[in-house]
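Colleague: Following this message is one structure expressed as structure tokens.
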């Protein structure tokens, strides 16, 4: 592991990439929220981080914006390629599962889910 930021809540490079020291949270996880313009308080709550950890991550992102965005874009691209690969590999299996009848006793929850989906679709 290589130290990349300050001593308190450092950013380190691990096999997963740039990571907040002492956690499994990567800078790319934080970038998911930053790119959607979420406030730091929300990021902190969603990723279960301390204020110092979020501040260190945001500071690192701001200080190294070009490098972080380039790596983030690569991570997002690779994740999408993997998603497509596994979707293709499991297409038949997913179709078989979708074709199965629902389990007995789940009718009420399925009806509620269907109603919620319809409500959401009508808003869009």
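In the numbering used here, the protein residues as written are 270 to 393.
For every residue, glycine included, the Cβ atom is placed at its ideal position computed from N, Cα and C.
Does DSSP put residue 316 in a helix, in a strand, or in coil?
Modeller: If DSSP states are grouped into helix, strand and coil, residue 316 belongs with the helices.
Colleague: Determine whether the beta carbon atoms of residue 327 and residue 309 lie at a separation below 8 Å.
Modeller: Result yes, Cβ atoms of residue 327 and residue 309 sit closer than 8 Å.
Colleague: For residue 371, which residues from the same chain have a beta carbon less than 8 Å from its beta carbon, with the 5 sequence-adjacent residues on both sides left out?
Modeller: Taken in chain order, the residues that qualify are 379.
Colleague: Contact defined as beta carbons within less than 8 Å: I believe residue 329 pairs with residue 280. What is the distance between those atoms, to the nearest angstrom?
Modeller: About 5 Å separates the two Cβ atoms, so the contact holds.
Colleague: Just reading off the alpha helix (DSSP H) that residue 378 is part of, what are its end residues?
Modeller: Its alpha helix (DSSP H) spans residues 376–392.
Colleague: What's the gap between the Cα of residue 296 and the Cα of residue 391?
Modeller: One C-alpha to the other measures close to 36 Å.
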